[in-house]
Amino acid sequence: MSLDAINTKIAAACRHAGRDVNDVTLIAVSKVQPDARVAAILDAGQRVFGENKVQEAAGKWPGFRETYGDIDLHLIGPLQTNKARQAMELAQSIHTLDRPKLANTIARLTQEMGQCPDLYIQVNTGEEPQKAGCLPADADAFIASCVALDLPVRGLMCIPPAEEEPSLHFALLAKIAARNGLAGLSMGMSGDFESAIALGATHVRVGSAIFGDRVYE
Ligand SMILES: *Cc1c(COP(=O)(O)O)cnc(C)c1O
153 MSLDAINTKI AAACRHAGRD VNDVTLIAVS KVQPDARVAA ILDAGQRVFG ENKVQEAAGK
213 WPGFRETYGD IDLHLIGPLQ TNKARQAMEL AQSIHTLDRP KLANTIARLT QEMGQCPDLY
273 IQVNTGEEPQ KAGCLPADAD AFIASCVALD LPVRGLMCIP PAEEEPSLHF ALLAKIAARN
333 GLAGLSMGMS GDFESAIALG ATHVRVGSAI FGDRVYE
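Quick note on the working numbering: the sequence shown kicks off at 153 and runs consecutively.
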């Protein structure tokens, strides 16, 4: 699908939900995609991108920034504490804050660096053992502890279980965000961004629908 087609669908989903299209940001997830495909989307005007891995992002985006100027980069993959500094240097947003150790590291680095990306706390809404994210039952306390560290927590993020109805997970995430006074909701991917928008998503993370299938080597 073209970038235009995705933006048209996002606009339609916003209209349908009675929402302002300016309240939903499309993050183009460029992980694993060949540079030529990413360049084509940059040429089409997209400036907000998502990457899963710090290493991959570090190899790709400094060069694109030289050519294309400012890029709003979102880190959406699991983050190891030893990569936190590099992530904070590269990305404007980190969507995968999910544990106290990482929160403490980011807080310490924020003091040192004098800046911190916007943060989203990942919630493992499906309580899947293999998946990152804090458990829904721990979310309120974890959010409070991050706020107590003065971290710039903007919202919550989730990745619903592949085999379940995503809207139940989007609704749960929205409920946890609302009761904690958080405005941001990073939810919705290629297959379900319209339903995420209906349930309040402020950031949809769309990869394959824009770029085509990822070819892992
Ligand atoms: C890969 C990825 C996406 C994009 O997935 P698509 O189904 O290709 O749109 C979104 N969010 C996260 C966290 C991802 O890892």
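For every residue, glycine included, the Cβ atom is placed at its ideal position computed from N, Cα and C.
Same chain only: Cβ atoms within 7 Å of residue i, ignoring 5 sequence neighbours per side
i           : result
residue 141 : Since the first and last residues shown for the chain are 153 and 369, residue 141 lies out of range.
residue 307 : 272, 329, 334, 335, 336, 337, 338, 354
residue 253 : 233
residue 332 : 292, 295
Strand pairing of residue i, partner residues [DSSP]
i           : result
residue 310 : DSSP output for residue 310 lists no bridge partner at all.
residue 226 : 202, 245
residue 154 : Residue 154 pairs with nothing; no bridge assigned.
residue 356 : 178
residue 453 : Nothing can be reported for residue 453: it is not among the residues displayed for the chain, which extend from 153 to 369.
residue 272 : 307
residue 298 : Answer is none; residue 298 lacks a bridge partner.
residue 166 : For residue 166, which the question treats as bridged, DSSP gives no partner whatsoever.
Residues of its chain near residue i, where Cβ-Cβ distance is below 8 Å and the 5 sequence neighbours each way are ignored
i           : result
residue 222 : 199
residue 444 : The chain is shown only over 153 to 369; residue 444 falls outside these bounds and no answer can be derived.
Closer than 7 Å: residue i CB and nearest ligand 1 heavy atom
i           : result
residue 154 : no
residue 319 : no
residue 311 : yes
residue 265 : no
residue 336 : no
residue 342 : yes
residue 228 : yes
residue 359 : yes
residue 181 : yes
residue 204 : yes
Selection from the options that minimises the alpha carbon distance to residue i
i           : options            : result
residue 214 : 229, 241, 236      : 241
residue 295 : 202, 184, 335      : 335
residue 195 : 219, 163, 206, 209 : 219
residue 226 : 270, 342, 263, 349 : 270
residue 237 : 252, 309, 210      : 210
residue 343 : 367, 314, 323      : 314
residue 372 : 357, 365, 366      : Since the first residue of the chain shown is 153 and the last is 369, residue 372 is not available in this structure.
residue 265 : 205, 293, 239, 346 : 239
residue 312 : 360, 348, 300, 332 : 348
residue 345 : 281, 224, 243, 310 : 310
residue 341 : 352, 360, 324      : 360
residue 324 : 352, 298, 301      : 352
residue 155 : 280, 188, 187, 197 : 197
Cβ neighbours of residue i in the same chain (closer than 6 Å, five flanking residues each side left out)
i           : result
residue 291 : 275, 328
residue 355 : 177, 179, 338
residue 350 : 169
residue 173 : 163, 166
residue 190 : 182
Cβ separation of residue i and residue j, assumed to be a contact under 8 Å, to the nearest whole Å
i           : j           : result
residue 166 : residue 181 : No, residue 166 and residue 181 are not in contact; Cβ-Cβ is about 20 Å, not under 8 Å.
residue 229 : residue 248 : 6 Å
residue 203 : residue 183 : 5 Å
residue 366 : residue 185 : 7 Å
residue 193 : residue 363 : 7 Å
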